[in-house]
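First up is the structure itself, then whatever we jot down about it.
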Amino acid sequence: MKTAPISEELFQRAQNFIPGGVNSPVRAFRAVGGNPRFIKSAKGAYLYDEDGNRYMEFINSWGPMILGHAAEIVQEAVQQAIPNSLSFGAPTRKEVEIAELIISMVPSIEKVRMVNSGTEATMSAIRVARGFTGRDKMIKFEGCYHGHGDSFLIAAGSGAITLGVPDSPGVTKGTANDTLTAPYNNLQAVQTLVDANKDQIAAIILEPVAGNMGLVQPTPEFLQGLRDLCTKEGIVLIFDEVMTGFRLSPGGAQQLYGVTPDMTTLGKIIGGGMPVGAYGGKKEIMDFVAPAGPVYQAGTLSGNPIAMAAGMAMLTYLKDNPQVYTQLEETTGNIIAGMRSNMQKLGLNYTINQVGSMFTVFFTDKPVTDFESAKTSDTALFGRYFNEMLQRGIYLAPSQYEALFVSTAITPEMVNEYVQANFDALQAIQG
Ligand code: HOZ
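Numbering (this note's numbering), first residue to last: 110 to 540.
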């Protein structure tokens with residue numbers, strides 16, 4: 110039994126001074142019950158909590174720890190950068206180098222602007238799309254999450270749906286009116302919205318592989334259909350690759366599926382886990398951004414030298430070592446095969462969605478292709494499964510509506526351990 114009295118005490122204290130005791134909602138464990146573990150350190154595939162418990166880890170800071178925690182190449186780059194000071198608020202060589210590197214890796218990006226988080230990236234990208242097109246409205250997809258910018262908190266996934274507030278209070282009616290929503294993978298619904306709002310839609314934004322309603326893959330015709338529609342209607346197509354960028358392939362989901370958007374938003378992976386985001390795209394669109402153009406966006410810590418050093422090390426490694434992706438795919442494939450075999454032995458038929466090194470087990474026997482079908486999952490059962498896995502030393506995302514992320518630090522022995530824990534946990538939650 111893994112007890113965590115120190116974490117419990119910290120959580121009690123935290124609730125006096127931090128809303129809900131946490132600095133980001135999902136990690137409060139509200140959707141799964143129990144107290145969150147307070148993490149002290151992590152190395153490779155393992156997290157260690159304040160109580161000294163060890164957990165094999167499948168969140169990886171929600172994506173960026175592709176190489177596992179405290180990867181030496183990233184740590185060394187950070188250590189080398191630190192003596193030169195932590196922030197300048199002035200341009201640096203590293204910002205030029207990382208811009209060149211990102212542009213060489215991500216098909217849609219001809220110019221790029223660094224920001225400090227995925228939320229900043231998506232908020233800025235929408236503003237630029239509006240400035241570029243002179244239009245106000247945008248289309249997003251039910252269950253997709255693009256950070257906590259006002260326009261995105263309509264039918265939002267991730268923590269918003271986990272806590273039952275997909276349409277957050279505090280978002281003005283005006284903003285809500287400018288945000289149109291369609292079901293994921295439903296091209297006809299998008300066409301209907303576009304027809305009903307002729308020449309009014311600035312952008313269509315989506316996660317090209319959705320990770321915030323659990324993992325949902327796009328149908329082959331969906332992404333290409335959106336591309337064709339946006340080209341025809343003069344709408345800016347934005348892929349939010351905050352979670353998929355550099356993870357599903359060196360060029361992200363857009364490279365994997367061969368569909369190139371007009372703009373792309375990126376997040377934590379380009380900082381190797383440091384607080385970083387970026388948005389980029391076609392030159393003619395990005396040249397609308399100040400000071401090249403009239404759309405204002407700024408940030409003192411943007412292009413922060415420590416974050417840039419970590420990101421350069423991480424992205425350079427990924428570019429030079431494409432075998433990382435083969436390894437991740439193989440490890441994830443083995444995990445999924447083990448889980449399917451477990452379910453067969455136990456006579457269960459839950460749905461597993463996977464793309465590359467991202468996956469979700471939905472506690473439903475229905476295919477999960479959009480938000481409606483994701484919601485057929487038995488979330489109470491998921492909560493029990495989560496806690497059974499936690500007790501067996503496996504740390505999963507504490508919500509049904511999140512994806513899991515595999516790192517290269519997971520060895521074949523760890524896969525066996527995971528599969529055994531999965532069998533035992535599935536068995537424990539039946540009946
Ligand atoms: N909403 C984030 C994942 N999709 C979780 C952020 C966090 O709690 O760190």
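Just so it is clear, CB atoms sit at the ideal spot from N, CA and C, and this is done for glycine as well.
Quantities reported herein were computed from a predicted structural model and do not represent experimental measurements.
ask   = So L289 packs on G465, CB below 8 Å; how close in whole Å?
value = Along the sequence shown, one-based indexing puts residue 289 at 180. Along the sequence shown, one-based indexing puts residue 465 at 356. About 30 Å separates the two Cβ atoms, so there is no contact after all.
key: ligand 1 heavy atom lying under 7 Å from the CB of E166   = Counting from one through the sequence shown, the residue named residue 166 turns up at place 57. Not so, every heavy atom of ligand 1 lies at least 7 Å from the Cβ.
ask   = Looking at the structure shown, is E166 part of a helix, part of a strand, or coil, going by DSSP?
value = Stepping through the sequence shown from its first residue, residue 166 is reached at position 57. Strand, per DSSP.
request  = Taking only the alpha-carbon atoms, compute the straight-line gap between G381 and A305 and give it to the nearest angstrom.
outcome  = As a position in the sequence shown, residue 381 is number 272, starting the count at 1. As a position in the sequence shown, residue 305 is number 196, starting the count at 1. Distance from the CA atom of G381 to the CA atom of A305, rounded to whole angstroms, is 42 Å.
ask   = With 16 other CB atoms within 10 Å as the buried threshold, where does L529 fall?
value = Locating residue 529 in the sequence shown gives position 420, where the first residue counts as 1. The sequence as given places Gln at residue 529; Leu does not occur at that position. Counting the other CB atoms within 10 Å of its CB gives Q529 a total below 16, which places it among the exposed residues.
query = Between the beta-carbon of M448 and the beta-carbon of N531, is there less than 8 Å?
reply = If you number the sequence shown from 1, residue 448 lands on position 339. If you number the sequence shown from 1, residue 531 lands on position 422. In this structure, M448 sits near N531, with a CB-CB distance shorter than 8 Å.
inquiry  = Once DSSP output is grouped into helix, strand and coil, what is the label at R222?
reply    = Sequence index remark: in the sequence shown, residue 222 carries index 113 (1-based). Correct three-state label for R222: strand.
message = Assuming M247 is part of the beta strand (DSSP E), what are its boundary residues?
response = Position 138 of the sequence shown, counting from 1, holds the residue named residue 247. First-last of the beta strand (DSSP E) with M247: K246 to F250.
ask   = Alpha carbon to alpha carbon, what distance is there between A269 and L324?
value = For the purposes of this step, residue 324 is identified with residue 215 of the sequence shown, where counting begins at 1. For the purposes of this step, residue 269 is identified with residue 160 of the sequence shown, where counting begins at 1. Using only the alpha carbons, I get a separation of about 16 Å.
C-alpha distance - F120 paired with L272, whole-angstrom precision = Here residue 120 refers to the residue found at position 11 of the sequence shown. Here residue 272 refers to the residue found at position 163 of the sequence shown. Taking C-alpha positions only, F120 is separated from L272 by approximately 18 Å.
task = Output the distance between the C-alpha atoms of Y155 and V299, rounded to the nearest integer angstrom.
result = Counting from 1 along the sequence shown, the entry for residue 155 is found at position 46. Counting from 1 along the sequence shown, the entry for residue 299 is found at position 190. If you take the alpha carbons of Y155 and V299, they lie about 42 Å apart.
task = Please determine, among K392, V398 and S450, the residue with the shortest C-alpha to C-alpha distance to I212.
result = Taking the sequence shown and counting its residues from 1, the one referred to as residue 212 is at position 103. Comparing Cα-Cα distances from I212 to each of K392, V398 and S450, the minimum goes to K392.
inquiry  = Does the contact criterion of 3 or more C-beta pairs under 8 Å hold for the stretch 393-408 versus the stretch 328-335?
reply    = Contact between the stretch 393-408 and the stretch 328-335 is absent, because fewer than three Cβ pairs lie under 8 Å.
task = List the DSSP bridge partners of H255.
result = Numbered from 1 along the sequence shown, position 146 holds the residue referred to as residue 255. The partner list for H255 (beta bridge, DSSP) is empty, contrary to what the question assumes.
ask   = Is the stretch 369-387 touching the stretch 417-435, taking contact as three or more C-beta pairs under 8 Å?
value = Judged by Cβ distances under 8 Å, the stretch 369-387 makes contact with the stretch 417-435, as three or more pairs qualify.
inquiry  = On the criterion of 16 or more Cβ atoms from any shown chain inside 10 Å, does K246 qualify as buried, or is it exposed?
reply    = Translated into positions along the sequence shown, residue 246 becomes position 137. It counts as buried.
request  = May I ask you to report which of helix, strand or coil DSSP gives M498?
outcome  = As a working mapping, residue 498 is identified with position 389 in the sequence shown. Helix, per DSSP.
inquiry  = Give the list of continuous alpha helix (DSSP H) stretches no shorter than 4 residues that lie fully inside the stretch 336-399.
reply    = For secondary structure counted as the alpha helix (DSSP H) over 4 or more consecutive residues, the stretch 336-399 holds these complete runs in sequence order: 361-366 and 392-395.
key: Spatial distance of V215 from A534 (CA atoms)   = Taking the sequence shown and counting its residues from 1, one reaches residue 215 at position 106. Taking the sequence shown and counting its residues from 1, one reaches residue 534 at position 425. If I take the Cα positions, the gap works out to 39 Å.
inquiry  = Could you compute how far the alpha carbon of S516 sits from the alpha carbon of K377?
reply    = What you label residue 516 is simply residue 407 of the sequence shown in a count that begins at 1. What you label residue 377 is simply residue 268 of the sequence shown in a count that begins at 1. Whole-angstrom Cα-Cα distance: 15 Å.
ask   = Candidates K307, A489 and A362: which alpha carbon is nearest C339's?
value = Taking the sequence shown and counting its residues from 1, one reaches residue 339 at position 230. Nearest in C-alpha terms to C339, of all of K307, A489 and A362, is K307.
task = Kindly examine ligand 1 and report whether one of its heavy atoms sits closer than 7 Å to the Cβ of R236.
result = Here the question's residue 236 lines up with position 127 in the sequence shown. Not under cutoff, so the answer is no.
message = Shorter than 7 Å, the distance from the beta carbon of E229 to the closest heavy atom of ligand 1, or not?
response = Taking the first residue of the sequence shown as position 1, residue 229 is located at position 120. Not one heavy atom of ligand 1 falls within 7 Å of the beta-carbon of E229.
message = Using only the alpha-carbon positions, how far apart do Y510 and E209 sit?
response = Taking the sequence shown and counting its residues from 1, one reaches residue 510 at position 401. Taking the sequence shown and counting its residues from 1, one reaches residue 209 at position 100. Approximately 35 Å, taken between the alpha carbons.
query = Any idea what DSSP makes of G323, helix, strand or coil?
reply = As a first step, residue 323 is located in the sequence shown; it is residue number 214 there, counting from the start. For G323, the three-state secondary structure derived from DSSP is strand.
task = Let me know the secondary structure DSSP gives N144 once reduced to three states.
result = Within the sequence shown, the letter at position 35 stands for residue 144. Look at N144 here: in three-state DSSP terms it is coil, with no helix or strand label.
request  = With distances taken Cα to Cα, identify the nearest neighbour of Y293 among P275, G142 and I248.
outcome  = Taking the first residue of the sequence shown as position 1, residue 293 is located at position 184. Nearest of P275, G142 and I248 to Y293, Cα basis: I248.
request  = Return yes when the C-beta of G268 is under 7 Å from any heavy atom of ligand 1, and no when it is not.
outcome  = By one-based count along the sequence shown, residue 268 stands at place 159. Checking the Cβ of G268 against ligand 1 gives yes.
Buried or exposed by the 16-neighbour rule on C-beta atoms within 10 Å, applied to A401 = By one-based count along the sequence shown, residue 401 stands at place 292. Exposed, by the Cβ-count rule.
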